[in-house]
Structures are given as C-alpha cells and as structure tokens.
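Just so you know, we're using full-length UniProt numbering here: the sequence shown kicks off at 1 and counts up by one. These notes are about the structure you will find just below.
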Amino acid sequence: MADKFNLGLSFPNLPYYIDGDFKISQSLAILQYIADRHDMVPNCKKQRAILHMLVNSTLDLRKSFTTMCYSPNFEALKVDFLKTLPEKLKQFEDYLGDKKWLTGDKINYPDFSLCEILNQLEKFEPKCLTDFPKLKTYLTNFENLPELKDYMESEEFRTRPCNYVVAKWY
Numbered sequence: 001m002a003d004k005f006n007l008g009l010s011f012p013n014l015p016y017y018i019d020g021d022f023k024i025s026q027s028l029a030i031l032q033y034i035a036d037r038h039d040m041v042p043n044c045k046k047q048r049a050i051l052h053m054l055v056n057s058t059l060d061l062r063k064s065f066t067t068m069c070y071s072p073n074f075e076a077l078k079v080d081f082l083k084t085l086p087e088k089l090k091q092f093e094d095y096l097g098d099k100k101w102l103t104g105d106k107i108n109y110p111d112f113s114l115c116e117i118l119n120q121l122e123k124f125e126p127k128c129l130t131d132f133p134k135l136k137t138y139l140t141n142f143e144n145l146p147e148l149k150d151y152m153e154s155e156e157f158r159t160r161p162c163n164y165v166v167a168k169w170y
C-alpha cells in the first residue's frame with residue numbers, strides 16, 4: 001500500500017493502474033480507461049449516457065453497502081440494508097431482462113462493476129440472489145468467463161477481504 005505514494009500517481013490511491021508511462025487511480029476511471037482501450041465505449045452520446053447511468057447505479061449500491069460496512073452502527077444499518085436490498089436488486093434484474101449483459105450481447109464496463117458488488121453481496125448474504133434468478137445466472141456467466149475463471153481458481157485470487165480491515169464487515 002505504501003508503494004502508491006512512490007509511483008508518481010497524481011492522486012495516490014488504491015486501486016491504481018499503470019500502462020507504460022500512463023498512471024491512473026480511482027476504480028471508475030480505471031474501468032473507463034480500460035473499456036476505452038478495448039473499444040467498448042460507443043461513439044453515440046446516448047449509448048455512453050446509458051453506460052454512465054448503469055455504472056453509477058452500481059456505484060450507488062456499492063456506496064450503500066460500504067457505508068454500512070464501515071459504520072460503527074453496522075448491526076443496526078445491516079437490518080435496514082437487508083430490508084432495502086431486494087428492491088435495489090429487482091431494479092437490476094428488471095433492467096437486465098433477457099439480455100446476457102446489461103447492454104445486450106456484449107459485455108461492457110458496467111458489467112464488471114455490477115458483478116463485483118453482486119459477488120461481494122453474496123459473500124455478505126449468501127441467499128441475497130435467491131429471488132433474482134436472472135442476476136444469479138448473470139453473475140455465474142461473468143464468473144465463468146475463461147480469463148476470469150482461471151484467475152478466480154488461481155492462488156493469486158483472494159475472495160476476501162472485500163473492504164479494508166477497519167470495516168465492521170470486510
């Protein structure tokens with residue numbers, strides 16, 4: 001972690017990404033940069049706006065989750081979080097519909113953001129996707145992507161922690 005201060009990052013933080021002489025931090029900026037490098041960002045402004053809406057919706061879900069995880073009132077907030085979680089998951093399930101990925105047949109960066117938080121939510125509450133079979137299938141499809149599956153089965157992969165150790169749930 002201390003390395004981040006010695007790498008010449010404009011805003012030292014985790015995660016960071018170094019691509020040759022280009023250095024960047026912040027999860028969303030990294031996701032968008034990688035997506036753009038792989039021609040996943042459409043030219044159409046409306047389609048880009050949809051991607052922004054989707055990724056920001058996943059970030060809202062993540063924020064509510066991490067706020068609870070880091071709160072000294074974790075136990076009380078957990079009850080409320082679990083009460084409202086089905087409503088939030090239903091929105092994603094409804095939006096996904098019969099599509100393979102959020103935007104159709106082709107995976108895009110909001111899928112990475114959503115699948116990361118769904119994976120963490122399942123660790124937190126293993127039955128949270130029981131009533132959302134489309135989201136469960138979606139997450140399974142994501143985790144079965146060959147490169148990701150290989151990584152998740154490797155010794156490098158760590159299933160936890162999801163948060164820093166100062167969190168009430170990490």
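For each residue, glycine too, the CB sits at the ideal point set by N, CA and C.
Between the segment 101–117 and the segment 135–148 there are three or more inter-stretch CB-CB distances shorter than 8 Å, so the stretches are counted as touching.
For the options 72, 71, 73 and 119, the alpha carbon positioned closest to that of residue 89 is the one of 119.
Residue 55 sits close to residue 113, with the two beta carbons spaced by under 8 Å. Across the structure, residue 41 and residue 31 are spaced so that their CA atoms are roughly 11 Å apart.
The segment 57–67 and the segment 77–95 touch, with three or more beta-carbon pairs separated by less than 8 Å. In this structure, the alpha-carbon of residue 12 lies about 32 Å from that of residue 146. Assignment of residue 170 by DSSP, reduced to helix, strand and coil, places it in the coil class. When rounded, the separation of the alpha-carbon atoms in residue 77 and residue 67 is 9 Å. Burial of residue 117 is indicated by the presence of at least 16 other C-beta atoms within 10 angstroms of its C-beta. Assignment of alpha helix (DSSP H) within the segment 24–94, counting only whole runs of 4 or more residues, yields 27–37 and 45–70 in chain order. The residue from 150, 99, 65 and 148 with its alpha-carbon nearest to that of residue 122 is 65.
Beta-bridge partners of residue 142 (DSSP): none assigned. Around the beta carbon of residue 82, fewer than 16 other beta carbons sit within 10 angstroms, so the residue counts as exposed. Residue 162 is classed as buried because its beta carbon has at least 16 other beta carbons within 10 Å across all chains shown. Secondary structure of residue 164 (DSSP, three-state): coil.
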